[in-house]
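2 protein chains.
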Amino acid sequence: MSKSAENRQWLLRRRPHGRVTPSDLELAVAQVPTPGEGEIVIRVKLLCMDPTIRNFMDAAPGYGMPIALKGPIRGMIVGEVVASRDAARREGDLVWGLGSWSDYVSGPANRFFPVPVGFGHPLPVYTHVLGTIGLTAHYGLLDVAGVRPGDRVLVSGAAGAVGSLVGQIARIAGATQVVGIAGGVEKCARASERYGYDECIDYKGPVPVREAIAAAFPDGIDVVFENVGGPLLEAALDHLRKNARVALCGMIARYGATEMPPGPANLWSLVANSARMRGFLVSDILGQPARVDAALRELDGWIREDRLRYDIDLRVGFESVPDTFNCLFTGAHSGRLVVQIDNPNQSAST
Amino acid sequence: MSKSAENRQWLLRRRPHGRVTPSDLELAVAQVPTPGEGEIVIRVKLLCMDPTIRNFMDAAPGYGMPIALKGPIRGMIVGEVVASRDAARREGDLVWGLGSWSDYVSGPANRFFPVPVGFGHPLPVYTHVLGTIGLTAHYGLLDVAGVRPGDRVLVSGAAGAVGSLVGQIARIAGATQVVGIAGGVEKCARASERYGYDECIDYKGPVPVREAIAAAFPDGIDVVFENVGGPLLEAALDHLRKNARVALCGMIARYGATEMPPGPANLWSLVANSARMRGFLVSDILGQPARVDAALRELDGWIREDRLRYDIDLRVGFESVPDTFNCLFTGAHSGRLVVQIDNPNQSAST
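One line per chain: the protein sequences are D and R, in this order. Counting along the first sequence from 1, when you hit position 336 you're at 335 in numbering that gives the first Met the number 0, and nothing is skipped either side. Counting along the second sequence from 1, when you hit position 261 you're at 260 in numbering that gives the first Met the number 0, and nothing is skipped either side.
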C-alpha cells in the first residue's frame, strides 16, 4: 500500500438518543494500522449496514460491548488483506468479519472469515444471501424454528433482507402457507410479488394487524419468524397452533428505542399451546465451518435454480455512511443495504 | 350404590371478576349419573385444587373450553369406579382425571387414568408427587427445560406444590445452584429448610426481586422454571446465561387477573443469549403411558431414598370447597391443596 494512504474513520462522538444525528458521529483520519503478530490488516471494500450497529452505540447494547466514545463505529465488513502476520492469510485474500466504518481495519486473523469466492458471485452477494443474511435465514428458519412440510408460517419484516429469504426458504422447505408482515403498500407488494409470499399484511394499513393475522390464519400458525418484536409479536402469539415455534431474530423495534416497548402480555399462549420461543444470533454457528459450508452450498444451489431472489441496495461513498445507515430505520432502502467505499487509495493499490 | 345417593355439585352461577366470591358459585343437588356405552361413573374421593380451574371460569380461559354457566366446576379428581360400561374398567378401580366438583362424575372411560396404586402410597400422594404435580415437575424440568449437571437454576413458586419438587429434582439432576422465589418469610424458610433450596428470594421482602436475582446469580442463570409469570419473569430474563432455557409452567399471576399484566419488555435477552423459552402442559405427556410410568418409577424411587419431600394440605368438606379453593390465591395453605369429600354415601357404599 502506498505511503500516503490515509485511514478515514467514523467515530462515535456521543451516544445517540433515538435516531443517529450528524452531531453524534465524527469523521476523522487515522494512521493505517500495522499488523501485530497473528494479525491482519484489511482494506475495506464493503460496509454492511446492520440495524444491530445502532445497539452497539448505546451504553448498554443488550449484548456485546458498547462502542467506546471516540472509538470507530463497529460493523460487518468485506475487504482485502493488505498485510498479514498470520500463516493462514496472505495479501490479496478476501475476508469478512466484524470491523469498523474505516478505510482500513486490523485484528486477529482468526476473527475474520474467508469470503467463499469459489461460488463465483459478485462481491456484494457475500454480504447477503451467501453471507450473514443468508446464514441467518437458513439457520433461523430450518434449525431454530425447525420448519417442517405442511407448516403455516408467519414472517415479520418480510420485505427486509432476512425476511425476503425466509419466506422463500419456507416455501422450499414445504410450508403450505407463508404470510409476511411489512410496513407499507410498496413493501407488501414486493414481498408478495418478488419474494413469493402468499400474502403480506401491511401493519401500517387500515386493518389492525391483529385482525389481519386472525383472518390470514383461521387454523393458526405453526412457525413465527420474528424480525421485529413489540406489538406484532403479541398479535402473532394470539394465533399459535399446538407445538408452535417462534424464532426471535433480533428485534428491530428495540433498536434506538429510548424506552423499551412493553413485552407481549400473552406469553400464556406458549403454555396453552406447548409452544416454544427461541432467540438466536448467526454467530451461534459461525464457529462451525462444516455447518456454514453446508448452508452456503444449499443457498447457492437455490440461487442457481432460480428459487431464491434477493436484492442488494448498493450505495457508494464513505462520507454519506451515517445518512445511509439511517435509511435502515426510515425504510428508505430496498434490499440489503451495503456501502461500497470510495477508497481514495483503491485504484493506486489494487 | 344406594338408591338414596345424591350428587352434590358446585355450579358456576356467574363468571367471577377477579377472586371467586360466594355468589359466583351455587351448591346444587343432581342425579347420580348412569354410564353410557364406553363410559364409567366415579364416586369422587379427592378434589385437587389447581389454580388453572380459575382460568376455566372465564369466558376466554386462554386454553381449553370455558366452564358453562350453570355447569359444574371442572377439576382433577381421584375416585372409585362405581359403574362401568367399558371393558377396561371395573367397579372398585381407582382412577384419576378431569372431573368436576361433584360427589359423582361420569365420562368416557378412556379419559380417566388408573391410579398407580402398586406404588403403595396413601391415596393423596397420587394427587401430588405421584400424580400431575410430580409429572409436571419431572417433565418440565428434565425434558422441557433440559436441566443438566452444572446448571444454575431459578425456580419461581418455590414453596408451591410443583416448585417444591422442582428444586429437589434440580439438585438430583446435578444442578450446582438452586435458587427459589416465593412470597413471604415463611414460604421462603420452607423452601430453604424443607425443600433444599440454596436460598429463596422473598418477592414481598425489602430487596427488589431484580436486585436479589442479580446478587444471587453473579454468573447468570442457565435454567428458569417459571411458575408465576409477570414481573418475576422479566427480572429473571435480565440475568440469563448463553443458551439458557426457560420453562413456562402455567403462570399464576395471570389467573383471575382482570387485566393482563404487561409482558416482559426484555425478550431481547432471548436473542442476545441464544436462549429458549418453552411453555408446556402436563397433558402433553399423559397420552404416553411408558413415559408417564418411567417418570413415576423415578419419582417413587426418590421418595423411598428420602431425596424428595412433599407436603399435602388435605382439607375435608364439600361445602367449604370454594373457600378452600381461594386459599390457592391468598397463600393460606401449605403444600398441595386437596379436598377429601365428606361423601354422605361413602360409608354406606364403601
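Ideal Cβ positions, reconstructed from N, Cα and C, are used throughout, including at glycine.
For Leu247(D), the nearest CB of chain R lies under 8 angstroms from its own CB, placing it at the interface with that chain. Under the three-state reduction of DSSP output, Val184(D) falls in the helix class. In the three-state reduction of the DSSP assignment, Val128(D) falls in the coil class, being assigned neither a helical nor a strand state. For Val291(R), the enclosing alpha helix (DSSP H) covers residues Pro288 to Arg303. Contact between the segment 89–103 of chain R and the segment 265–278 of chain R is absent: fewer than three C-beta pairs spanning the two stretches fall below 8 angstroms. Rounded to the nearest whole angstrom, the C-alpha separation of Asn242(D) and Asp292(R) is 23 angstroms. Taking 8 angstroms as the cut-off, the Cβ atoms of Leu26(R) and Gly70(R) do not count as close. Cα atoms of Gly117(D) and Pro21(D): separation of roughly 40 angstroms, rounded to the nearest angstrom. The contact set of Asp305(R) on chain D, defined by CB atoms closer than 7 angstroms, is empty, because the minimum CB distance reaches about 32 angstroms.
Flagged as an interface residue toward chain R: Val270(D), by a C-beta distance shorter than 8 angstroms. Sequence-distant partners of Ala234(R) (beyond 5 residues in either direction) whose C-beta falls short of 6 angstroms from its own C-beta, in its chain, are Val208, Arg209 and Ile212. Our two residues, Asp142(R) and Val154(R), have alpha carbons roughly 15 angstroms apart in a direct line. Here Cys248(D) carries a coil assignment [DSSP, helix/strand/coil].
Of all alpha-carbon atoms in Ala59(R), Pro32(R), Gln287(R) and Asp49(R), the one lying nearest the alpha-carbon of Tyr103(R) is that of Pro32(R). Beta-carbon to beta-carbon, Cys248(D) and Thr131(D) are separated by about 11 angstroms, too far to satisfy the 8 angstroms threshold.
In this structure, Leu45(R) sits near Ile76(R), with a CB-CB distance shorter than 8 angstroms. A Cβ-Cβ separation of about 7 angstroms places Ser163(R) in contact with Asp310(R) under the 8 angstroms criterion. Exclusion of the five residues before and after Gly262(D) leaves no residue of its chain whose Cβ lies closer than 6 angstroms to its Cβ. Remark: C-beta atoms of Phe112(D) and Ile41(D) do not approach each other more closely than 8 angstroms. Assignment of Asn6(D) by DSSP, reduced to helix, strand and coil, places it in the strand class. Listed in chain order, the non-local C-beta contacts of Arg314(R) below 6 angstroms within the same chain comprise Thr323 and Val338, local neighbours out to five positions each way being set aside.
In the displayed model, Asn226(D) falls within coil according to three-state DSSP, outside both helix and strand. By the beta-carbon neighbour count (other beta carbons within 10 angstroms, threshold 16), Glu225(D) is buried. DSSP places Tyr138(D) in the helix class (H, G or I) of the three-state scheme. DSSP places Phe111(D) in the strand class (E or B) of the three-state scheme.
In this structure, DSSP gives Leu336(D) an extended state, which the three-state scheme calls strand.
Of all alpha-carbon atoms in Gly183(D), Ala86(D) and Arg189(D), the one lying nearest the alpha-carbon of Gly166(D) is that of Arg189(D).
Within chain D, no C-beta atom comes nearer than 8 angstroms to that of Pro230(R); the closest sits roughly 11 angstroms away. For Pro121(R), no CB of chain D lies under 8 angstroms from its own CB, so it is not counted at the interface with that chain. Within the model, the alpha-carbon separation for Asn109(R) versus Thr51(R) is close to 22 angstroms. Against chain R, a Cβ distance below 7 angstroms from Phe328(D) picks out nothing, because the smallest value is about 17 angstroms. Along the segment 272–288 of chain D, the positions whose C-beta sits under 9 angstroms from a C-beta of chain R are Asn272, Ser273, Ala274, Arg275, Met276, Arg277, Gly278, Phe279, Leu280, Ser282 and Asp283, read in chain order. For Pro261(D), at least one C-beta of chain R is nearer than 8 angstroms to its own C-beta. In the same chain as Gln176(D), and ignoring 5 residues on each side of it, the C-beta atoms closer than 7 angstroms to its own belong to Arg151, Val152 and Asp197, in chain order. DSSP places Ala27(D) in the strand class (E or B) of the three-state scheme. Taking Val128(D) as the centre and dropping the five residues before and after it, the same chain places the C-beta of Leu164, Leu298, Ile302, Leu307 and Tyr309 closer than 7 angstroms to its C-beta, in chain order.
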